[in-house]
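See structure below.
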Amino acid sequence: MSKFKRYLRLPGRERREVDEELAYHLEMKTEQLKREGLSAEDARLEAARQFGDRERIRSEVAGLVGDRTRRERRASLLDAARQDIRFALRQLKSAPAFALIAVFTIGLGIGATTAVFSVVRAVLLRPLPYDGSERIVLIGESDKLPSRDPQTTTSYANFEDWKARTTSFAAMAVFDGWTPVLTGLGEARRLTGSLVTSELFDVFRVKPALGRPMLPTDNVPNSPRIVWISWQLWQSGFAGDPGVIGRSLVLNGNAREIVGVMSPDYRAPNVELGGDVWAPNYRDDQDTRSSRYLNVAARLKDGVTAEQARAELLRVSEQLQKEYPRENKGAFAVLFPLRELVIGGNTRGPVLILMLAAGLVLLIACANTSNLLIARGSYRSQEFAIRTALGTTSARIVRQLLTESLVLGGLGALLGIVLAVLGLRSLMQLAPVTIRNQQVSVDLGVLVFTLVCAVGAALVFGLLPALRATRADIQKTLRDEGRGTTSVRARRVRGSLAITQLALALSLVLCAGLLIKSFARLLQIDPGIDPANLVSLSMSLPAARYQGEAMPRFYEEVTTRALAQRGVRSAAMTSIVPFSGDWDRIAVDTGSTSNVPGIELPEGDRYIVGPNYFETMGIRLVQGRAFQTTDRYDSQPVAVVDDAFARKVERNGTALGVRIKVPGRDSMATIVGIVGHVKHYGLDAESGGQIYVSHLQYPWRWMTLVVRADQDPIALTPALRGVIRSLDAEQPISDVKTVATMMAERTAARRFILALLAGFAAVALTLACVGLYGVIAYTIAQRQREFSIRLALGASAHGLVRMVMREGAVLVVFGVTFGIALAAVGTRLIASLLFGVEPLDPFVLLAAAAVLSGTATLAAWLPARLAAAADPMQAMHGR
């Protein structure tokens, strides 16, 4: 008891004890001096003088006493914690089945939450590797507000006006993707690079490790050909030679002087912002205000918010619309954080939805474990009653039970980490490229989150059983020992937890069902091509060696030789492959719209293709004819359009014969054919139509060979590489992909969300039904004596099963009802992910309710059937 009093000792009492101790010593010294002959007053004064500064001594002694008290408190707490943990482990060891089920349940919930949080942390929370990255933004133009596409572009002229007329930005720069061919350093290969203005290095606050930075004087026409190379290229191509500055690098057949080596810490956010090389960008004579192909990055000034900058840009863009109505009508400036480019504009919402779904799984796991603990607490009610009768306080019992919950949470967290690490591998295989590129892993931050989840879960599932254990009537508990009774309140609490699990599970099952139906609807859409056995290989001809008609001659010879390869059914050239993510949007003049503002000219995606393109891709010819080998540069230009673009330019009910001016030739091209529409941007995305011209009439430097094979197209790639290198040994091949893979990548985000949400729904459904099974089984175990008496008095086994099933049906009905109400809110969160399906689709809703009800009914029937089959005599006399 004295130890306990010291544990509760208050600071005021400590000070009183110190004062009493000091007064005692001072009195003893005074008495000693009086015995030595001093008067009482002189003895008191001399004792005070010899004793010294009483306040300082009091402070020092009080500090020592306080330190001792705190050490005793810590030791007492640690000793109590060790005792509680040892007792908790003994309790779990005495009930291994309960411990395994509880740990696995919590581990499953924590594992799912940890795995998804790893993605959330990498994609949304981890700072980008740039100084002040939260102030870096992207700027572009869109005809729709608000815009969700961070890869919007603008023209050089508009960029210069934005830069001159705004005050919200510390730096603003243009960048454009560049994929030059490197020769002279071993085998020819394609690099990733960017054409930029000098301010880009200020936007990202990066300085070259060697050489000089880019200067504004580098961004002018006819400036020297110079280049900055990455640290990695410097190491691999020049062995880290510090004398690399001033040497030449041959890119696209032209020598460029190396003037700088980038810092090893700089990593480009995407391919448009470089990776291997950077060269100056500048406005040339062909750049008009309508040429919207450039990207803009900027850094906000300190103290300026993104909303303020967005509002200022919008005002400037409205001014430019008035000043240049032909080129800028309907073009609004839009601003995005840099992270939107890194992860994709539509990634944040789905990832947060997955985090919410994982949280619901953890909540269901907590409800399940809480149910288990309540059941176990009922079995331990005698223990708690006896301990309370012997003087143990309610707070002590609550602390012990919470310690047991924390031990369960800790063991569940360890299992959850293992499951998260293993599950993350499969998760990343399903994830779209934008997520896979973020280096998702279970790092220290994720482990801290897991620890917080474990503690939070332990408190959630442990607090209610702990509080219930201290509210039991001691007398009644001891009197009811062995009678097999359970309180109505306990049954209600466990039933409420089961209803909660069922409701949460139904909402997840319904969301997964909606996504499944949506995805099925998406796959039913005709993509406009036949992707089976199609493979593509990209090329780029250097301007130094290929000019004019030399380009189509090379590509024509590639096509001819590819067709001669064994296993090749057809082959053709194209500037853009459907579903590749590339695009080339143009506006065309039909001759009667020369005075119409450029933004109102009919727009479409331009494809520069070979004569066999439509046959190779499986694109349906609707009217007219396809391209022929006789459509040459010196013949009348012709064009083929899809039916969507045909409707924009048709005259007298048809687009055949309509003339359009396609960039690349001064003369007008006549539409000679109409083909089916291709879902280039994705099965759920629309485009403004497609315009096709022949590469024999419109020479193009950047082309892709598409080949349809008899069987596996990837097996043909070595032979196709050989064909290309036989014509030009320095011609690198890049982006070797099957078209089916490209299509799959366009739906990767949907598949990722669908797979995870369906998995969470399955886990939630399983846990909820296990929880319902536990409630019914526990109730039957507590009422087994009652059921046995009923059976002995003539009740039928089927009647007993029906009675138990009715009780289970009540829980299921309440769970489904609350689940539908919860789903009405939850399905709105995934509305943007649905295609052709209403958020509360009646068929899916009924199917989800039927699945939950059927599974839950089975979970209730199993324990009821076992109870009805039990021997009534054994049940009444067995203990």
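Residue numbers 284 to 1162, in the working numbering, belong to the letters of the sequence shown in order.
All C-beta atoms in this analysis are idealised placements derived from N, C-alpha and C, irrespective of residue type, glycine included.
Note that the structure is a prediction, hence the values are computed from the model and not measured.
Hey, quick one: how far does the alpha helix (DSSP H) through residue i stretch, first residue to last?
i, result
"VAL1084", "1080 to 1112"
"VAL932", "926 to 932"
"LEU691", "677 to 713"
"SER600", "589 to 606"
"TYR439", "439 to 448"
"GLU898", "896 to 900"
"ASP1018", "No alpha helix (DSSP H) holds ASP1018; the beta strand (DSSP E) holding it covers 1017 to 1021."
"GLN515", "514 to 521"
"ASP485", "483 to 486"
Which same chain residues end up closer than 7 Å to residue i when comparing Cβ atoms and leaving out the 5 residues on each side of it in sequence?
i, result
"TYR439", "VAL457, ARG566, ASP570, LEU577"
"GLY956", "LEU904, GLN906, GLY907, ARG908, ALA909, VAL923"
"GLY881", "Low confidence applies here, because GLY881 scores a pLDDT of 45, under 50, leaving its location unreliable; read the following figure in that light. Closer than 7 Å at Cβ, skipping near neighbours: SER573, ARG609, GLU610, ALA870."
"ARG1078", "Checking the sequence shown, residue 1078 turns out to be Ala, not Arg. Correct list: empty, nothing qualifies."
"HIS978", "PRO835, TYR838, MET856, ILE891, VAL892, GLY893, MET986"
"LEU793", "ALA1106, THR1110, VAL1127, LEU1128, ALA1131"
"PHE1035", "LEU713, ALA714, PRO715"
"PRO814", "VAL1022, ALA1023, MET1026"
In angstroms with no decimal places, state the Cα-to-Cα distance between residue i and residue j.
i, j, result
"ARG766", "THR397", "Low local confidence applies: a pLDDT of 46 at ARG766 is under 50, so the model's placement there is unreliable, and no value is given."
"ALA696", "SER1136", "31 Å"
"ASN505", "GLU443", "19 Å"
"ASP967", "GLU610", "30 Å"
"THR899", "VAL1019", "17 Å"
"GLU324", "GLU310", "12 Å"
"GLY811", "GLN980", "25 Å"
"ILE954", "ILE943", "8 Å"
"LEU597", "THR1000", "49 Å"
"THR450", "LEU603", "16 Å"
"GLY523", "LEU817", "41 Å"
"ARG708", "ASN553", "23 Å"
"LEU391", "TYR549", "39 Å"
"VAL731", "TYR413", "24 Å"
"VAL961", "THR1024", "16 Å"
"ALA551", "SER519", "18 Å"
"ARG339", "LEU698", "55 Å"
"GLU540", "GLU1013", "21 Å"
"ARG332", "ARG353", "33 Å"
"ILE1103", "ALA795", "14 Å"
"ILE700", "LEU684", "24 Å"
"LEU411", "ASP459", "21 Å"
"ARG849", "THR842", "14 Å"
"GLU606", "THR630", "37 Å"
"THR1138", "SER653", "21 Å"
Compute the distance between the beta-carbons of residue i and residue j, then report whether it is under 9 Å.
i, j, result
"PHE1043", "ALA640", "yes"
"TYR916", "PRO835", "yes"
"MET1088", "ALA1143", "yes"
"ALA854", "VAL976", "no"
"GLY229", "GLN784", "The first residue shown for the chain is 284 and the last is 1162, placing residue 229 beyond what the model contains."
"LEU618", "ILE422", "yes"
"ALA1147", "VAL1096", "no"
"GLY874", "ALA927", "no"
"ARG582", "GLY415", "yes"
"ILE636", "LEU1117", "no"
"ALA589", "PRO620", "yes"
Please report the residue range of the beta strand (DSSP E) in which residue i lies.
i, result
"ALA845", "Run containing ALA845: none in the beta strand (DSSP E); it sits in the alpha helix (DSSP H), 833 to 846."
"PRO563", "560 to 563"
"ALA1164", "Residue 1164 is absent from the model: the chain starts at 284 and stops at 1162."
"ALA255", "Here the chain comprises residues numbered 284 to 1162, so residue 255 is not present and cannot be evaluated."
What does a CB cutoff of less than 6 Å around residue i pick up in its chain, not counting 5 residues either side in sequence?
i, result
"ALA1045", "none"
"ALA562", "LEU478, VAL510"
"ALA741", "SER688, LEU689, GLY692"
"PRO920", "ARG948, SER950, ALA952, GLN980"
"ASP559", "LEU474, THR475, GLY476, SER513, LEU516"
"THR913", "none"
"LYS931", "PRO885"
### Query
Any contact of the stretch 1030 to 1048 with the stretch 497 to 504, i.e. 3+ C-beta pairs under 8 Å?
Contact between the stretch 1030 to 1048 and the stretch 497 to 504 is not established, with fewer than three Cβ pairs separated by less than 8 Å.
### Query
Are at least three pairs of beta-carbons, each pair with one atom in the stretch 397 to 412 and one in the stretch 725 to 737, less than 8 Å apart?
Cβ pair count under 8 Å is three or more, so yes.
### Stretch-stretch touch, CB-based, cutoff 8 Å, three pairs: the stretch 819 to 827 with the stretch 521 to 539
The stretch 521 to 539 and the stretch 819 to 827 touch, with three or more beta-carbon pairs separated by less than 8 Å.
#### Entry: the stretch 930 to 939 contacting the stretch 989 to 1008, beta-carbon criterion three pairs below 8 Å
With a cut-off of 8 Å on Cβ pairs, the stretch 930 to 939 is not in contact with the stretch 989 to 1008, counting fewer than three such pairs.
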